[in-house]
Amino acid sequence: MNTEINETVEKSLWDQMKSSLNERVGSPFYFSFAISLLMWNWDIFYILLFESYSYEKLSFQLF
Numbered sequence: 117m118n119t120e121i122n123e124t125v126e127k128s129l130w131d132q133m134k135s136s137l138n139e140r141v142g143s144p145f146y147f148s149f150a151i152s153l154l155m156w157n158w159d160i161f162y163i164l165l166f167e168s169y170s171y172e173k174l175s176f177q178l179f
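Per the working numbering: the sequence shown = residues 117 to 179.
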């Protein structure tokens, strides 16, 4: 019993980071954050995904 507790407590930092990442990636908070980011910046994503071929038509003259 004590050895099992010691083994679970004395995990390496890398194992703790992997387990916390596995818990957080599947959480609905990150899903809603990604959806809200997509909704607020839909025009940027639209240009990057569907109108990337027309960047050559746009000519920005800085000077």
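Even glycine gets a Cβ: it sits at the ideal position worked out from N, Cα and C.
When the distance is taken between beta carbons, is F161 closer than 9 Å to L154?
On the sequence shown, position 38 is the one that residue 154 refers to. On the sequence shown, position 45 is the one that residue 161 refers to. Taking 9 Å as the Cβ cut-off, L154 and F161 qualify as a contacting pair.
Starting from S128, trace the alpha helix (DSSP H) in both directions and tell me its first and last residue.
By 1-based counting over the sequence shown, the position of residue 128 is 12. Looking at the DSSP string, S128 is not in any alpha helix (DSSP H), and its letter there is neither H nor E.
Please report how far the alpha carbon of L137 lies from the alpha carbon of W156, in whole angstroms.
As a position in the sequence shown, residue 137 is number 21, starting the count at 1. As a position in the sequence shown, residue 156 is number 40, starting the count at 1. Going from the Cα of L137 to the Cα of W156 covers about 26 Å.
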